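In the working numbering, the protein residues as written are 17 to 441. Encoded as structure tokens, the structure appears first; notes follow it.
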């Protein structure tokens, strides 16, 4: 079963006549010079289309979007969904079921665990604290959390950009996917316990030397938030992001194990090919916390990333810091809690991906926030599903310009769950 809904907002409809009047003059006008989306440059990139204007983007391809979701389902996801918001015109699409037992059809109204998208929420809070003069990005973490880390060269900036060298403790925790998950499903960790698991290992590199994705970094970010605000991270997310943006379906769920309201169940794919899926919906996510315990919807994540890139949550200076890109794999760069992806057609988009047991998420926007795509699948530990879900970005931002085939998903395909552990399917 597949469902597709299209809604045009009054604002978008009101622009239609004006756009038609402008069309002839635009045909005769010289093309606008594209802003450069490459890390650390101010010049146009060869073969790159700027994402600073919705008009500069290729038209989206709704058929390809639906096809990508259907492929994700065929590859093992019980359900998959996407929300495309294109300058006021909203299209929601879903396939499959929200619950394998009850067979209720999946809907974009369903809440789901967003995994590492949580990291962008954490980064925004810390950058707000920097705007308030309560935090300096280039100050050592130990200035604010004395004695936490063994190397006082590790700064707040290094933590938010995954350049601290702190080992990712989830590599050990989830080396065996299902047994590792079951061992921590109902556990409640302190932040300090998670950091200590990391510190049992040597650092992966010197501070600032290289990008190496590690959940430990955003556990430290959570500790910084709680130290500087004097309260739990949940309160900081609510007061600083969720309430101001009116995100009615977004929650930080920890250490409770249940998703509130209407939600999609998530199913973990075992390492053994052909083994039955494991319902992973109920869990504390205490092993991730400020690195991955948020719950949201496609609508709320669209609103959130529009606000991030639009400068509604931080100062212009802090937004520029979030976009201080460093190479992070093929066609990817990472700033401070924000990911930048170069799509096959040359368009650059900004947002974050997430993987937590039972769920994959892609949430990205154009540079100006006028086109957003949030997609989710209700399984994890399945590279074929993740690769299929990546095609939703191509459909949304490249449209007919997207190549017919796409290679395997990037090596960092787990994000929350053991990014260096190989998949069996």
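Beta carbons: idealized from backbone N, C-alpha and C, even for Gly. If you're wondering where the values come from, they're calculated on a predicted model, not measured in any experiment.
Would the stretch 204-223 count as touching the stretch 182-191 if we require 3 or more Cβ pairs under 8 Å? Yes, since at least three Cβ pairs between the stretch 204-223 and the stretch 182-191 fall closer than 8 Å, the two stretches touch.
Report yes if the C-beta distance between residue 107 and residue 78 is below 8 Å; otherwise report no. With contacts defined by Cβ atoms closer than 8 Å, residue 107 and residue 78 form a contacting pair.
Strictly by DSSP, which residues pair up with residue 356? Looking at the DSSP output, residue 356 bridges to 349 and 366.
Own chain, CB closer than 7 Å to residue 196, minus 5 neighbours either side, in chain order: Hits under 7 Å: 189 and 190.
Which residues share a DSSP beta bridge with residue 98? As a beta-bridge residue in DSSP terms, residue 98 pairs with 109 and 391.
Three or more C-beta pairs under 8 Å: does that hold for the stretch 346-357 against the stretch 157-164? No, the stretch 346-357 is not in contact with the stretch 157-164.
Are the beta-carbon atoms belonging to residue 129 and residue 318 less than 8 Å from one another? In this structure, residue 129 lies away from residue 318, with their beta-carbon atoms at least 8 Å apart.
Quick check: what's the CA-CA separation for residue 175 versus residue 231? So the alpha carbons of these two residues sit roughly 10 Å apart.
Three or more beta-carbon pairs under 8 Å between the stretch 72-88 and the stretch 410-418, yes or no? Taking 8 Å as the limit for Cβ pairs, the verdict is that the stretch 410-418 does touch the stretch 72-88.
Looking at C-beta atoms only, is the number of pairs between the stretch 377-394 and the stretch 313-332 that lie closer than 8 Å three or more? With the cut-off at 8 Å, the stretch 377-394 and the stretch 313-332 touch.
Buried or exposed (CB count within 10 angstroms, at least 16 for buried), residue 204: Exposed is the label assigned to residue 204, since fewer than 16 other Cβ atoms lie within 10 Å of its Cβ.
Pop quiz: residue 351 and residue 340 are said to be a contact at Cβ under 8 Å. What is the actual Cβ separation, rounded to whole angstroms? Taking 8 Å as the upper bound for CB-CB distance, residue 351 and residue 340 are in contact here, some 5 Å apart.
Beta-carbon proximity list for residue 193, same chain, < 6 Å, skipping 5 on both sides: These residues qualify, in order along the chain: 287 and 397.
Check whether the stretch 361-368 and the stretch 236-250 are in contact - that is, three or more C-beta pairs closer than 8 Å. In short, these stretches do not touch, since the Cβ pair count stays below three.
If I'm right that residue 94 touches residue 283 with Cβ under 8 Å, what's the distance once you round it to whole angstroms? Between residue 283 and residue 94 the Cβ distance is about 6 Å, and since that is below 8 Å, they are a contact.
Please report the residue range of the alpha helix (DSSP H) in which residue 190 lies. Taken as a continuous stretch (DSSP letters only), residue 190 belongs to no alpha helix (DSSP H), as it is neither H nor E.
Measuring straight from C-alpha to C-alpha, what distance separates residue 302 and residue 419? So the two alpha carbons sit approximately 40 Å from each other.
Spatially closest choice to residue 278 from 84, 257, 112 and 123, by CA coordinates: The residue with the shortest Cα to Cα distance from residue 278 is 123.
Beta-bridge partners of residue 295, as assigned by DSSP: DSSP, once it has assigned bridges, lists 283 as partnering residue 295.
Classify residue 166 as buried or exposed, calling it buried when 16 or more other Cβ atoms lie within 10 Å of its own Cβ. Exposed is the call here.
Between residue 329 and residue 149, what straight-line distance do the alpha-carbon atoms span, to the nearest angstrom? About 15 Å.
Got a sec, what are the start and stop residues for the beta strand (DSSP E) residue 380 sits in? In the DSSP annotation of this structure, the continuous segment of the beta strand (DSSP E) that includes residue 380 starts and ends at 375-381.
Tell whether a beta-carbon distance below 8 Å holds between residue 372 and residue 131. Cβ atoms of residue 372 and residue 131: closer than 8 Å.
Status (buried if at least 16 other CB within 10 Å, exposed otherwise) for residue 316: The residue in question, residue 316, is buried, as its Cβ has 16 or more Cβ neighbours within 10 Å.
Distance, residue 409 Cα to residue 65 Cα: Bear in mind that the predicted position of residue 65 carries a pLDDT of just 38, short of 50, making it too unreliable to give a figure here.
Could you give the uninterrupted runs of the beta strand (DSSP E) lying entirely in the stretch 147-210, keeping only those of 3 residues or more? Entirely contained in the stretch 147-210, not one beta strand (DSSP E) run reaches 3 residues.
Applying the 10 Å Cβ sphere with the 16-neighbour rule, what's the burial state of residue 202? Looking at its Cβ environment, which holds fewer than 16 other Cβ atoms inside 10 Å, residue 202 is exposed.
If I'm right that residue 367 touches residue 355 with Cβ under 8 Å, what's the distance once you round it to whole angstroms? Contact holds; Cβ gap of about 6 Å.
As assigned by DSSP and simplified to three states, the class of residue 343: Residue 343 falls in the strand class under three-state DSSP.
Using DSSP bridges, identify the partner residues of residue 127. Note: residue 127 is bridge-paired with 279 in the DSSP secondary-structure output.
Between the alpha carbons of residue 76 and residue 320, how many angstroms are there, rounded? Per the coordinates, the alpha-carbon of residue 76 lies some 21 Å from the alpha-carbon of residue 320.
Spatial distance of residue 58 from residue 337 (CA atoms): Low confidence applies to residue 58: its pLDDT is 33, below 50, so where it sits in the model is not reliable, and the reading given next is rough at best. Roughly 15 Å between the two C-alpha positions.
Secondary structure of residue 311, DSSP reduced to three states: In the structure shown, residue 311 falls within a strand segment according to DSSP collapsed to helix, strand and coil.
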